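In mature numbering (1 follows the signal peptide of the UniProt record, and there is no 0), the protein residues as written are -26 to -1, 1 to 390. Structure record follows, encoded as structure tokens.
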């Protein structure tokens, strides 16, 4: 064998050995989520990550939303589970942190935390020690979807104030169009429905008074805002008590309803279901002309690292990358969600409009402040709102039930 052939053979063997050694050093980590429908997008994002980090491969694993908390808690309790866990925010997160399941994050292990605004970081922070355990991934905005073609055909303009909303709704109803597609057949959405229409009557001052213990939900401002919801009943679908959120969406998409109280999380979904839909997303009606338009905003969740992960360094590296502008730009483009990462460019016109509305948004009060112990504000409100809208209890009774239920664990409400 010639020296040249021996050299080539040696080089080939060395190259093959190098590949094998590289493969042996590669780290496989898993990403657990409830977002089954986002698999293609996340796999594309993870491919970008692996290009930057060839020694780390990410496996997307999804589970049914309704079983996700149980699946995650059972796995983590056994010392197993994904390396990176897609979490919900606020109270959902806290129960897992309290159990010691997630690794704390700081600007040494996850430098991209610096790219997050303060209100986003709160959603992933454990209140007891003020440490971040989940890097926020998206904000969600609650407001009013408008079918622009339905309004144009009816010769009407979308409302900006409550009085305009009632006037327009009457006119739409006379033309045989459901003004508002929503019903109350989906419990999880019902508290969002309440927030959408009551927040503009409450204002930021009420939130401050509520969270500092100066007032409770028995406050006349909250009771009056609940009373406004009763005016909506005439403009909702027949048998609205049983109309679920999916059906409401179909009424809106088909043009049978002109408006839908909903969330920015459905923009991409509605476009996929009806590519021809000519829709807008606006702030719900203001109490009066001259008020600041106020949508409702909350953070949906984040990315946490399993404290028992055998691949903690690689998992933290992935989470840190998921807090970069590079990730946020592509995340928003692929999934139609608003990334909280500073400097992210949102190219979609409607989504950019929603991001602008967020600048004066109200928080989703129950989700942000009252989901940390049982009974949660969400559970109490979801149980009572259908009763109030059907007339079996009054706004005053709902407000009292909400306050008294929360007083079992929320000290500022006790004795009030």
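All C-beta atoms in this analysis are idealised placements derived from N, C-alpha and C, irrespective of residue type, glycine included. These numbers were taken from a predicted model, which means no experiment stands behind them.
Would residue i count as contacting chain C if we go by Cβ distances under 7 Å?
i, result
"residue 75", "Of the chains in the structure shown, none is chain C; there is only one protein chain."
Tell me the DSSP secondary structure of residue i in three-state form.
i, result
"residue 296", "coil"
"residue 383", "coil"
"residue 153", "strand"
"residue 110", "strand"
"residue 6", "strand"
"residue 280", "strand"
"residue 100", "strand"
"residue 358", "helix"
"residue 248", "coil"
"residue 69", "helix"
"residue 286", "helix"
"residue 321", "coil"
"residue 311", "coil"
"residue 35", "strand"
"residue 60", "strand"
"residue 303", "helix"
"residue 118", "strand"
"residue 367", "coil"
"residue 55", "coil"
"residue 232", "strand"
"residue 272", "strand"
"residue 105", "strand"
"residue 237", "strand"
Go through its chain and collect everything with a Cβ distance to residue i's Cβ below 7 Å, but skip five positions before and after it.
i, result
"residue 285", "1, 3 and 57"
"residue 395", "Residue 395 lies beyond the residue range present for the chain, which begins at -26 and ends at 390; the question has no answer from this structure."
"residue 396", "Any answer about residue 396 is impossible in this case: the structure gives the chain only from -26 up to 390."
"residue 216", "157 and 159"
"residue 219", "160 and 163"
"residue 210", "154, 156 and 157"
"residue 147", "153 and 209"
"residue 281", "74, 75, 76 and 77"
"residue 369", "197, 200, 201 and 362"
What is the C-beta distance between residue i and residue j, in whole angstroms, given that I count them as a contact (C-beta under 8 Å)?
i, j, result
"residue 84", "residue 67", "Rounded, the Cβ-Cβ distance is 15 Å, inconsistent with contact."
"residue 19", "residue 301", "7 Å"
"residue 97", "residue 273", "4 Å"
"residue 373", "residue 192", "5 Å"
"residue 234", "residue 125", "That belief does not hold up - the Cβ atoms of residue 234 and residue 125 are roughly 13 Å apart, past 8 Å."
"residue 135", "residue 276", "With 8 Å as the limit, residue 135 and residue 276 do not qualify as a contact, their Cβ atoms being about 36 Å apart."
"residue 185", "residue 390", "Actually they do not touch by this definition, with Cβ atoms about 14 Å apart."
"residue 117", "residue 170", "7 Å"
"residue 255", "residue 203", "Contact doesn't hold; Cβ gap of about 21 Å is too wide."
Looking only at its own chain, which residues have a Cβ that is under 6 Å from the Cβ of residue i, when we skip the five neighbours before and after it?
i, result
"residue 311", "112"
"residue 231", "152, 155 and 225"
"residue 379", "349 and 354"
"residue 319", "303"
"residue 89", "297, 315 and 316"
"residue 36", "7 and 10"
"residue 381", "387 and 388"
"residue 283", "57 and 289"
"residue 13", "34"
"residue 237", "114 and 116"
"residue 259", "133, 135, 136 and 139"
"residue 305", "313"
"residue 278", "59, 61, 76, 107 and 108"
So, at 8 Å on beta carbons, what are the nonlocal neighbours of residue i in its own chain, with the 5 sequence-adjacent residues on each side left out?
i, result
"residue 87", "79, 80, 81, 95, 106, 109 and 297"
"residue 26", "295"
"residue 332", "113, 115, 269, 271 and 312"
"residue 391", "Given that the chain is displayed from residue -26 to residue 390, the structure contains no residue 391 and the question cannot be resolved."
Q. Between the segment 280 to 295 and the segment 345 to 359, do three or more beta carbon pairs fall short of 8 Å?
A. no
Q | Validate contact between the segment 1 to 19 and the segment 56 to 64 using beta carbons, cut 8 Å, 3 pairs | A | yes
Q) Enumerated in chain order, which unbroken segments of the alpha helix (DSSP H) with a length of 4 residues or greater are wholly contained in the segment 162 to 208? A) 194 to 204
Q) Three or more C-beta pairs closer than 8 Å, one from the segment 185 to 204 and one from the segment 140 to 147: is that the case here? A) no
Q) When the Cβ atoms of the segment 264 to 283 are set against those of the segment 27 to 46, are three or more pairs found closer than 8 Å? A) no
Q | the segment 325 to 345 contacting the segment 178 to 187, beta-carbon criterion three pairs below 8 Å | A | yes
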